[in-house]
Every structure is written in C-alpha cells, then in structure tokens.
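Student: Dumping the structure here so I can ask a few things about it.
Protein chains: 2
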Amino acid sequence: MRARVTVMLKDGVLDPQGEAIRHALGALGFEGVEGVRQGKVIELDLADGTPEGAVDAMCRRLLANTVIESYRIEVA
Amino acid sequence: MRARVTVMLKDGVLDPQGEAIRHALGALGFEGVEGVRQGKVIELDLADGTPEGAVDAMCRRLLANTVIESYRIEVA
Numbered sequence: 001m002r003a004r005v006t007v008m009l010k011d012g013v014l015d016p017q018g019e020a021i022r023h024a025l026g027a028l029g030f031e032g033v034e035g036v037r038q039g040k041v042i043e044l045d046l047a048d049g050t051p052e053g054a055v056d057a058m059c060r061r062l063l064a065n066t067v068i069e070s071y072r073i074e075v076a
Numbered sequence: 001m002r003a004r005v006t007v008m009l010k011d012g013v014l015d016p017q018g019e020a021i022r023h024a025l026g027a028l029g030f031e032g033v034e035g036v037r038q039g040k041v042i043e044l045d046l047a048d049g050t051p052e053g054a055v056d057a058m059c060r061r062l063l064a065n066t067v068i069e070s071y072r073i074e075v076a
C-alpha cells in the first residue's frame, strides 16, 4: 500500500522558496509566471492494512506543521 | 492556468530526508512504514495560454536536477 502526502504552506503564509523560484524563472526569460508556491511530497510505502487514519496521525505528529501548513493524503 | 510539478529523486538515488522520516515515524511508534521518499512539489500560476512545453523547459532548466531527479507535470 502506498500513500502520498502533499504538504503546502497555507495561503497567506509567506513562501520565500516559491518567491525565489518565481524570480529565477523570470531571470531565465520565462514569461507569464504569476505566482509560485513550493511544498513537499512524501511517498510512504506502508504495510497492507495500515488504516488511513494512521497516515493522518503521521501528518499531524510529524510530517506537517499544521500551524502554517496544510496537507493532503492520497492513497493508492 | 495552474501547473503542478512534482520532483522526486530517481530510484536508486539515496534519499537521506526520506530515511530520516522513516526512522522518526518508527521512533514515534508508527508500525508498518516500509519506505519513505521525499520530494518537492511546485505549484505554478501561469498566464493563460502558456504552452505546456514551457513548463517542461522550466523543469529542465531550473526546477529539477535531471541527473538525479525525475519530474512530473500536471496541468489543471
């Protein structure tokens, strides 16, 4: 069983990495880049039968800082 | 127009961040975590009409190190 967790900074939280990418793309000549946000993706290989609730607990306890980050779980 | 780029280390490339997460999850008592890979996700807000080829060029020139990383583009 495989789960993918995507962690992004919440809207309104300053994202200096994304801003640096936006600036660099402009400097490279790419036009029309209006905004960039960077986040993390974490792919977990889990033993079969691991409940999805366990992945949610992993996010809250370790993978995401829920004060400033939101997360999304996809199970495949 | 919005594009999401997911950048992961290629299979076989050592992923110390993922390994640290796997170890930390085990230390927190989560069982059945067999492997963890960490990557980046970059969300781009693009002017309408930006060709998908431009996003591919951004990946090759800036967003991914194609020697050790693979990338995937989703356009929404």
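So the protein lines, in turn, are chains A and B.
Going letter by letter, the first sequence gives residues 1 to 76 in full-length UniProt numbering.
Going letter by letter, the second sequence gives residues 1 to 76 in full-length UniProt numbering.
C-beta atoms are modelled at their ideal positions from N, C-alpha and C, and glycine is treated no differently.
Since we're looking at a predicted model, the values are computed, not measured.
(1) For A/G49, I'd like the list of residues in its chain whose CB is within less than 8 angstroms of its CB, leaving aside the five on either flank, ordered along the chain.
(2) So the candidates are B/A76, B/I21, B/M58; which of them puts its Cα closest to the Cα of A/E31?
(3) Going by the CB atoms, is the gap between B/G29 and A/I42 shorter than 9 angstroms?
(4) Look at the alpha carbon of A/K10 and the alpha carbon of A/G35, and state the distance between them as a whole number of angstroms.
(5) At what residue ranges does the region 1-60 of chain A contain a whole run of the beta strand (DSSP E), taking only runs of 3 or more?
(6) Give me the subset of the region 19-47 of chain A whose CB atoms are less than 8 angstroms from a CB atom of chain B, sorted by chain position.
(7) I'd like to know whether the C-beta of A/G12 is nearer than 9 angstroms to at least one C-beta of chain B.
(8) What are the partner residues of A/V75, as DSSP defines its beta bridges?
(9) Are there three or more Cβ pairs, one per stretch, closer than 8 angstroms when the region 10-21 of chain B is compared with the region 60-71 of chain B?
(10) Skipping 5 residues on each side, what residues in its chain have a beta carbon closer than 7 angstroms to that of B/I21?
Tutor: So, to answer that:
(1) Counting from one through the first sequence, the residue named residue 49 of chain A turns up at place 49. Excluding sequence neighbours, A/G49 sits near M1.
(2) Looking up residue 31 of chain A in the first sequence gives position 31. The shortest Cα separation from A/E31 among B/A76, B/I21, B/M58 belongs to B/M58.
(3) On the first sequence, position 42 is the one that residue 42 of chain A refers to. On the second sequence, position 29 is the one that residue 29 of chain B refers to. In this structure, B/G29 does not lie closer than 9 angstroms to A/I42 by Cβ.
(4) Reading the first sequence from its first residue, position 10 is the one you call residue 10 of chain A. Reading the first sequence from its first residue, position 35 is the one you call residue 35 of chain A. Their Cα atoms are separated by approximately 14 angstroms.
(5) 2-9, 33-46
(6) Taking a C-beta cut-off of 8 angstroms against chain B, the contacting residues of the region 19-47 of chain A are I21, A24, L25, L28, F30, E31, G32, V33, E34, G35, V36, R37, Q38, G39, K40, V41, I42, E43, L44, D45, L46, A47, listed in chain order.
(7) Position 12 of the first sequence, counting from 1, holds the residue named residue 12 of chain A. No, no contact with chain B.
(8) In the first sequence, counting from the first residue as 1, residue 75 of chain A sits at position 75. A/A3, per the DSSP bridge assignment.
(9) yes
(10) As a position in the second sequence, residue 21 of chain B is number 21, starting the count at 1. When the five nearest sequence neighbours on each side are left out, the beta carbons in the same chain lying within less than 7 angstroms of the beta carbon of B/I21 are those of V36, Q38, in order along the chain.
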